[in-house]
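Written below as structure tokens is the structure these notes are about.
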Amino acid sequence: QEENKNQEGCSLFYSATTASELIYLDELKSLCDKDSVFTVTSTQKDDGWEGERGRIDGDTLTPLLRRSKKDTSEMVFYLCGPPSMTEEVNTLLQETFEISKERILYEKWW
Numbered sequence: 524q525e526e527n528k529n530q531e532g533c534s535l536f537y538s539a540t541t542a543s544e545l546i547y548l549d550e551l552k553s554l555c556d557k558d559s560v561f562t563v564t565s566t567q568k569d570d571g572w573e574g575e576r577g578r579i580d581g582d583t584l585t586p587l588l589r590r591s592k593k594d595t596s597e598m599v600f601y602l603c604g605p606p607s608m609t610e611e612v613n614t615l616l617q618e619t620f621e622i623s624k625e626r627i628l629y630e631k632w633w
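Numbering (my numbering), first residue to last: 524 to 633.
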């Protein structure tokens, strides 16, 4: 963990259908420093989750990236999720934020 303190930080946008599906939450939080953006959402309203709601998409990601202190052109993005989400976010990053496709890695599942 000490070596993580010397790194620039991370920005993590993490979403699951229910709060119980948010695995490794504490471990992921511990990897991020005070300048990191750490956003967790749950998409179901009746699961006891009291944090942010909604799927990671253009409506949730755009304001978070605009508020970020980091230069988005220097970021590397890793997307993992259903094809509809990865395709939507991939398009958003390239068209709205002009992120080169070489800086966007993804894994489609489902």
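Using N, Cα and C, we set each Cβ at its ideal position, and we do this for glycine too. Predicted model, so just to flag it, every value in this text is computed and none were measured.
Taking just the CA atoms, how far does residue 540 sit from residue 603?
Here residue 603 is taken as the residue at index 80 of the sequence shown, counted from 1. Here residue 540 is taken as the residue at index 17 of the sequence shown, counted from 1. Their Cα atoms are separated by approximately 14 Å.
When you measure from the CB of residue 603 to every non-hydrogen atom of the ligand GDP, does any distance come out below 7 Å?
Although the ligand GDP was asked about, the structure shown includes no ligands whatsoever.
In terms of DSSP beta bridges, what is residue 602 paired with?
Along the sequence shown, read from residue 1 onward, the residue named residue 602 stands at position 79. According to DSSP, residue 602 bridges with 629.
What does the alpha-carbon distance come out to for the pair residue 575 and residue 537?
Counting from one through the sequence shown, the residue named residue 575 turns up at place 52. Counting from one through the sequence shown, the residue named residue 537 turns up at place 14. So the two alpha carbons sit approximately 10 Å from each other.
From the DSSP output, in three-state form, read off residue 578 for me.
Translated into positions along the sequence shown, residue 578 becomes position 55. In the structure shown, residue 578 sits in coil (DSSP, three-state: anything other than H, G, I, E or B).
Cα-Cα separation between residue 597 and residue 607, rounded to whole angstroms:
The count along the sequence shown starts at 1 and reaches residue 597 at position 74. The count along the sequence shown starts at 1 and reaches residue 607 at position 84. Straight-line measurement puts the Cα of residue 607 at about 25 Å from the Cα of residue 597.
Give me the Cα-Cα distance between residue 605 and residue 578, rounded to the nearest whole angstrom.
Here residue 605 is taken as the residue at index 82 of the sequence shown, counted from 1. Here residue 578 is taken as the residue at index 55 of the sequence shown, counted from 1. Their Cα atoms are separated by approximately 11 Å.
Distance, Cα to Cα, residue 601 vs residue 581?
Along the sequence shown, one-based indexing puts residue 601 at 78. Along the sequence shown, one-based indexing puts residue 581 at 58. Answer to the nearest angstrom: the Cα atoms are 16 Å apart.
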